[in-house]
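In the numbering used here, the protein residues as written are 1141 to 1417.
All residues carry an ideal CB built from backbone N, CA and C; glycine is no exception.
Report on the structure given below.
What follows is the structure, given as structure tokens:
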């Protein structure tokens, strides 16, 4: 599932972009011995409670394979937490985990209605030939074509590109790019991943834990044979109300376009994007 940011003409929206980027630390088990999220969560939080009780985490989230994602207010704060885990965690235990601070996401844009027969290399060369600002003085591109999405018109694809963060304003100011003898529409692209099996955010169906059962998008219950819904209940809004003390309505499908939780996820993607501003 992908959400696209439109009509943002002059930089990142002040209502969505934080003044400071969040800090993220991924604690990933190296083998199958430590695949239980709750046990791994306890290991990490016990160390912090004992040796860094002043730490203020914004979130402790399950990731694939029983791993733990820690979210803090800034990269400096999360680095301090990482150092605490390394310095005070039992070496034999911590050696079983990878501690990863992921790079910030590069901004992405989507180029609409590219003829389906055009391959990535041809598109790249064609864009560079007609749009001077897309490369530096040595003709090194400021963008990388990532993947294509089928368009509504079966004869075309939409292409998503990652860009040099320092060139974000240049791309944002362009509403289209020239290719061959036409101008293709360009817009910022903010991708929010949502699984179609468990309907959680942050991963796709392919990356869902095999232990998870197929849920019903309407009521949130396990969708077994002869399943009958008992009415609408958005599992994501219900979970947000429980964990974050929000007050979202839950009487809708978790795929409803007006659901509040994807908006928060979009906000988080923006917070974790490096705009080079």
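Close-in-space but distant-in-sequence residues of the same chain around residue i (CB under 8 Å, 5 per side omitted)
i: residue 1196; result: 1212, 1213, 1217
i: residue 1317; result: 1251, 1267, 1270, 1271, 1274, 1323, 1324, 1326
i: residue 1355; result: 1337, 1338, 1339, 1361, 1362, 1363, 1375
i: residue 1190; result: 1228
Cα-Cα separation between residue i and residue j, rounded to whole angstroms
i: residue 1297; j: residue 1261; result: 15 Å
i: residue 1233; j: residue 1192; result: 18 Å
i: residue 1307; j: residue 1276; result: 11 Å
i: residue 1377; j: residue 1366; result: 26 Å
i: residue 1446; j: residue 1384; result: Residue 1446 falls outside the range modelled here, since the chain spans only 1141 to 1417, and no answer is possible.
i: residue 1279; j: residue 1303; result: 15 Å
i: residue 1331; j: residue 1370; result: 31 Å
i: residue 1309; j: residue 1286; result: 20 Å
i: residue 1300; j: residue 1357; result: 27 Å
i: residue 1288; j: residue 1294; result: 13 Å
i: residue 1188; j: residue 1352; result: 29 Å
i: residue 1397; j: residue 1198; result: 26 Å
Of the listed residues the options, nearest to residue i (C-alpha basis)
i: residue 1238; options: 1167, 1245, 1302; result: 1167
i: residue 1342; options: 1295, 1230, 1404; result: 1404
i: residue 1222; options: 1242, 1206, 1205, 1203; result: 1242
i: residue 1329; options: 1186, 1219, 1249; result: 1249
i: residue 1162; options: 1219, 1319, 1394, 1314; result: 1219
i: residue 1386; options: 1396, 1394, 1401, 1373; result: 1401
i: residue 1179; options: 1164, 1194, 1202, 1381; result: 1202
Cβ-Cβ separation, residue j to residue i (assumed contact under 8 Å), whole Å
i: residue 1245; j: residue 1413; result: 5 Å
i: residue 1206; j: residue 1255; result: Their Cβ separation, rounded to whole angstroms, is 45 Å, which puts residue 1206 and residue 1255 out of contact at 8 Å.
i: residue 1121; j: residue 1171; result: Past the boundaries of the shown model lies residue 1121; the chain is included only from 1141 to 1417, so the question cannot be answered.
Contacting residues, own chain, Cβ-Cβ under 7 Å from residue i (five flanking each side not counted)
i: residue 1425; result: A question about residue 1425 goes unanswered here, because the residues of the chain that appear run from 1141 up to 1417.
| Residue ranges of each beta strand (DSSP E) run of no fewer than 3 residues wholly in the stretch 1177–1233, ordered along the chain? | 1199–1203, 1207–1212
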